[in-house]
Structure formats: structure tokens, C-alpha cells
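First comes the structure, then the notes that go with it.
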Amino acid sequence: MPLPHWTSENVLPPGRHPADLSDLYERFVWDAPYRNEREILFSALSGYLGVVARLIPSGRAWVGGSITTRTEEIPNDVDVVLIPDDWGSLKRLDGPARAALYGMLTLRGVIAEQPAMYLEQVQPVGGLLDGFLCHPGDEEIWEATWSRGLSPGSVKGFAEVTW
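Residues 9 to 171 in our numbering are what the sequence shown spells out, letter by letter.
Here you go:
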């Protein structure tokens, strides 16, 4: 099902809108300014979701961020919150798979060794994407966050990809 058209505020209408990658491409790349920059962000998202689907057997991804708006500003990122269908499947991941999953998530306040450094934020895909994991029961919090519009008090929609 294609994503709805942009509103007069250049966002998706309020709500969660089911989509596949071709729907995301059509609305967020083809039907928006700064196509070259959006192509790069879309490629990051596409690869990201491909890796996630190999690690998490089934689930949903809510897609937000500046790529999901049609403003005159150059989009700089894609925001994704992952909602696994079976939280237990994450607990059963082996060491390498668990490490790969952690590498797909945005980390804040990271201390690294050799060389020792403090990083405010570590993001997947070279900083083009913020990836978050929704714990069971936190869906309403994430939905409210993803629905926050461009101006105070406004509401926007977001895309939902299922695998």
C-alpha cells in the first residue's frame, strides 16, 4: 500500500502507515527535494533493514527522521525504532549475533578503550541512521515520539515496515 501524500505542512498525515521499501523510496526519495542526499539515506536504511531482518526473525520498524519530511532543508538522517515480534528471540542470540545487533543500535555516552575516548553518540551506518530498540510495553512512548511534528504541538505520521 503506497504511503499517503504529503500534507500542506510537508509531512505524512498523522498515524502509522504500513509500507514496504518501494513505498518508502517513492515518497521519501522520488517525491521530495534533494534526491541525491535522500538516495544515500535510503541506501543506508535499506541495508540496515536487511541486516536487522537477518538478526531478528520477525518484527516491525517505524521509520522517522528528516528523510520523512518534504522540507526545503537537506535531510540528514533516518530514525528507526525496531519492534521485535518475539523479544525472547533477542535473548537467544549467540555472542556474534548479539554483538551484530548491538552494532545496529545508536549508543549514547560511550567510553571506548584502546585508545581511550569518550563518545557522546555512536550511530550505525556512519551516522546516517539512528537505530533504537523498543522494549515490550514502550510502544506508546515511541509512537508519541515518532508522531511529534515539526512545530510545537503539531502531529505527523510515520512509516511502518514489517518483515
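Every residue gets a Cβ at the ideal spot worked out from N, C-alpha and C, and that includes glycine.
- request: Would you mind giving the Cβ-Cβ distance between L141 and A52, rounded to the nearest angstrom? I have them listed as a contact below 8 angstroms.
  value: Contact doesn't hold; Cβ gap of about 18 angstroms is too wide.
Checklist entry - With burial defined as no fewer than 16 other Cβ atoms inside 10 Å of the residue's Cβ, what is the status of K99: buried or exposed? => result Under the 10 Å beta carbon count, K99 is surrounded by fewer than 16 other beta carbons and is classified as exposed.
- Query: DSSP state of D138, grouped into three classes?
  - Reply: Three-state DSSP puts D138 in a strand.
Notebook entry, point to check: In chain order, what residues of the same chain lie with their CB nearer than 6 angstroms to the CB of R106, ignoring the 5 residues before and after it?
Noted result: Taken in chain order, the list of residues that qualify is empty.
Task: Close-in-space but distant-in-sequence residues of the same chain around W150 (CB under 6 angstroms, 5 per side omitted) - done: Result list for W150: V89 and C142, in chain order.
Need the endpoints of the beta strand (DSSP E) that W70 sits in, please. In the DSSP assignment, W70 falls within the beta strand (DSSP E) that extends over G67 to G72.
- [ ] Measure the Cβ-Cβ separation of G23 and G165 and say whether it is below 7 angstroms.
- [x] In contact: G23 and G165 (Cβ atoms closer than 7 angstroms).
With DSSP as the reference, identify every bridge partner of D87, one or two as the case may be. Paired residue(s): G72 and D138.
* To do: Any chance you could list the beta strand (DSSP E) runs of at least 3 consecutive residues sitting entirely within the segment 90-150, in chain order?
  => You should have 115-120, 125-130 and 137-141.
Output the distance between the C-alpha atoms of A69 and V37, rounded to the nearest integer angstrom.
Approximately 18 angstroms, taken between the alpha carbons.
For the beta strand (DSSP E) that R24 lies in, which residues bound it at each end?
-> Here the beta strand (DSSP E) through R24 covers G23 to P26.
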